[in-house]
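Going by the UniProt record's numbering, 403 is the number at position 403 of the sequence shown; the sequence numbering is gapless.
The beta-carbon is built from N, C-alpha and C at its ideal position, and this holds for glycine as well.
Just below is one structure, and these are the notes that go with it.
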Amino acid sequence: MDGLWRALTGEEPRPVAMTGPESVLPGPFRVTEAAAQSVAAATLAAAELVRLKGIDPGEVSVDRRHAAAVFRSERYVRVDGEPPAALWEPLSGDYRAADGWVRLHCNYPHHAEAACRALGTRDLAAAVATRTAWDVQEAVVAAGGAAAAMRRPDEWLASPQGQAVAAAPLVEWDFLGAAPVRELSTSDRPLGGVRVLELTHVIAGPAAGRVLAAHGAEVLHISAAHQPVLRPLVVDLGMGKRSAHVDLRTAEGRDTLWRLVSEADVFLQSYRPDALARLGFSAERLARARPGIVVAELDAYGWRGPWAGRRGFDSLVQMASGIAAGEEPRPLPAQALDHGTGWLTAAAIMTALRRGATEGGSRRVRLSLARTGHWLDSLGREEGAVDELDPSDLLVETDSPWGRITHVLMPGAPLGMAGSRLPGMDRPDWN
């Protein structure tokens, strides 16, 4: 934990108590430990904000089993006792190619259409079997889809992108300009009075927003009616947030977003690199419009190298970076790159807010799934781990517009959270 805190913040950490078994998840990677350390980092960052307000937060303690459960929270979510929907669409999966394996991510309709278009058929298994994995990957990506050929760890580390990721810090910090010191609210919640504008999708970005909401932030999630959603993830990761639709393809929508920015403390986004900047919402312009803002940006493959702008998801990064390598793909027992990046992003955001309250200034933090994977790999391996996680005592029920949601209680945040909202059901305004 000490090394992670220094990598995140450059600071000496305070003590954190870790409890519970060292491993409750299967596989050779130390996913339970990564979960515990990620949750501990965010919980410690929240405690430091409370300490800055003159309140003793007490000892920071993290139960490893609870941390592992929240890393698999989308598996456990229920609405009125039933799973909200399947997590994976039928065309998504690992396909055997002529020389290995390739994973196609087809959970979004436009990605499924791109894969079928690139391969000339909906019989993806037959088409992939006649081509090399790399050829399939590049054809699908060129068509606007999302895919990754399985590589060995040494192949990834020898590649230009693998080298760029390995050379990058876990969190990239940028000072965006001077701004007055921003006072913290008198709330006893770490993020009471903090407004977070969240433009994210899938898991990593929404997970970061959920952590911030759990610690008291007002989180407004912005999407658009034309954008597809994965219902189980929206139900699970939308806890504690409001949800509004804003169409950034229109001048009216962009004006609305600038109005929201003018009162935001945090701008959290996980669009592909430069996608929002092309619409005018670069980190530099955000800092000029709202001095003191914290901008947090997430991507799949890192912020430098030839793949910096490539579409990617947790399962694809596992394949590309060698984490899933084997005779057949061996995925992690959780979407650990997503959840880990989400919790570490929340820790970085809270640290940036604390520095803004003591030093002033606008800041940007950038993280990536691939760099989180590099950190996970650095934790080493464990032998004989099995799935021993029964989360039933960690589940709570919360009412919501979806129905009654059963979900994992958020670790490190003692208070409950409001239930998820339906996409776009709120006005694009601050309370």
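Query, Result
"How is S187 classed by DSSP in three states: helix, strand or coil?", "coil"
"Return the residue from the list H111, R304, G10, I405 that minimises the CA-CA distance to A139.", "H111"
"My output table needs one value for H215: the three-state DSSP class, helix, strand or coil.", "coil"
"Answer with buried or exposed for L415, where buried requires no fewer than 16 other C-beta atoms within 10 angstroms of its C-beta.", "exposed"
"Please classify D255 as buried or exposed, where buried requires at least 16 other C-beta atoms within 10 Å of its C-beta.", "exposed"
"Which residues mark the beginning and the end of the beta strand (DSSP E) in which H226 is found?", "First-last for H226: undefined, no H or E at that position."
"If you count every other CB in all the chains shown that lies within 10 Å of the CB of S38, and 16 or more means buried, which is it?", "buried"
"Closest to R75 by C-alpha separation, out of I203, G58, G240, would be which residue?", "I203"
"Using the Cα positions of A86 and S92, report the straight-line distance between them to the nearest angstrom.", "12 angstroms"
"Do S23 and E382 have their C-beta atoms closer together than 7 angstroms?", "yes"
"How would you label Q227, buried or exposed, when you count the other beta carbons within 10 angstroms and need 16 or more for buried?", "exposed"
"So for G93, helix, strand or coil by DSSP?", "strand"
"Would a C-beta distance cut-off of 7 angstroms place R242 and L220 closer than the cut-off?", "yes"
"Which parts of the stretch 78-123 are runs of the beta strand (DSSP E), unbroken and 3 residues or longer, counting only runs that do not cross its ends?", "93-96, 101-104"
"Taking only three categories from DSSP, how would you classify Q161?", "helix"
"Which stretch, first to last residue, makes up the alpha helix (DSSP H) that contains R288?", "283-289"
"Could you tell me which uninterrupted alpha helix (DSSP H) segments, each at least 4 residues in length, are contained entirely in the stretch 9-69, listed from first to last along the chain?", "31-52"
"Can the beta-carbon of G361 be found less than 7 angstroms from the beta-carbon of A217?", "no"
"Using the Cα positions of T345 and L237, report the straight-line distance between them to the nearest angstrom.", "15 angstroms"
"Using the Cβ count rule (16 or more neighbours within 10 Å means buried), how would you classify L230?", "buried"
"Does DSSP classify V295 as helix, strand or coil?", "strand"
"Identify whether G326 lies in helix, strand or coil by the three-state DSSP scheme.", "coil"
"Please check the pair A115 and A68, which I expect to be a contact at CB under 8 angstroms, by giving their CB distance rounded to whole angstroms.", "With a Cβ gap of about 32 angstroms, A115 and A68 do not count as contacting."
"Have a look at T19, P84, L25 and flag the residue whose alpha-carbon is nearest the alpha-carbon of E59.", "T19"
"Here's the rule I'm using: 16 or more other beta-carbon atoms within 10 Å means buried, otherwise exposed. How should S392 be labelled?", "exposed"
"Whole angstroms are fine: how far does the CA of H407 sit from the CA of A97?", "38 angstroms"
"Let's see if you can read the secondary structure: which residues bound the alpha helix (DSSP H) around G253?", "251-261"
"Quick check on DSSP: helix, strand or coil for W5?", "helix"
"What's the C-alpha gap between V266 and R355?", "13 angstroms"
"Could you spell out the range, first to last residue, of the beta strand (DSSP E) harbouring A178?", "Unbroken run through A178: none, as it is neither H nor E."
"Among the candidates S185, P428, G253, whose CA atom is the shortest distance from the CA of R51?", "S185"
"With DSSP collapsed to three states, give me the class of residue 450.", "Only positions 1 to 431 of the chain appear in the structure, and residue 450 is not among them; the question remains open."
"Are the CB atoms of P26 and P333 within a distance shorter than 7 angstroms?", "yes"
"Compute the Euclidean distance between the alpha carbons of L353 and V194, then round it to the nearest angstrom.", "9 angstroms"
"For the alpha helix (DSSP H) containing A244, name the first residue and the last one.", "A244 -> not in any alpha helix (DSSP H); beta strand (DSSP E) instead, spanning 242-245."
"Using only the alpha-carbon positions, how far apart do P109 and L212 sit?", "30 angstroms"
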